[in-house]
Amino acid sequence: MSNDQKSENTTREFLCGVIVSFVFIFLISGFAYCERQANQRAHAAKEYSGQVPSTDTNNLYSNYLLQAQQDVALWNYAMFIVALGALGVTVVGIYFIARTLDATLAAVTQAKKATRAANDAVAVTREIGEAQSRA
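Numbering (the UniProt record's numbering), first residue to last: 1 to 135.
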């Protein structure tokens with residue numbers, strides 16, 4: 001295995017490790033966030049469980065607003081995690097596109113060299129042919 005292939009494999013393994021690490025970190029933090037939210041709601045329910053339910057519409061409306069805000073916060077966090085995942089996939093994609101462009105540039109350079117060599121060979125062959133024709 002050449003050094004270039006070893007370098008590519010090492011880079012690929014590193015990128016895979018980074019992506020897997022990010023996924024685990026975000027999953028763990030997401031579960032921790034959900035658990036904190038559940039504990040806060042359970043604590044609030046326990047604190048107000050002995051009280052007589054209020055028929056006050058403002059209090060009921062405030063509870064609905066609080067619940068809505070908590071749900072939006074949860075979904076915003078989930079979308080943040082999804083966006084970070086998409087960012088990671090985009091970065092990996094850009095990396096591979098850059099590698100493809102570098103390989104294409106190297107191939108074009110080699111093709112130009114081969115074309116020059118072929119043209120030089122044709123010129124030499126032509127000179128030899130003309131010299132043989134004259135003789």
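Note that beta-carbon positions come from the ideal geometry of N, C-alpha and C, so glycine has one too. Predicted, not measured: the structure shown is a model, and the values here were computed from it.
- Nearest in C-alpha terms to Y77, of all of A86, Y33, T109, is Y33.
- For K113, there are no CB contacts under 7 Å within the same chain when 5 residues up- and downstream are skipped.
- Note on geometry: alpha-carbon atoms of N39 and W75 lie some 17 Å from one another.
- Nearest in C-alpha terms to V92, of all of K6, S7, T11, is T11.
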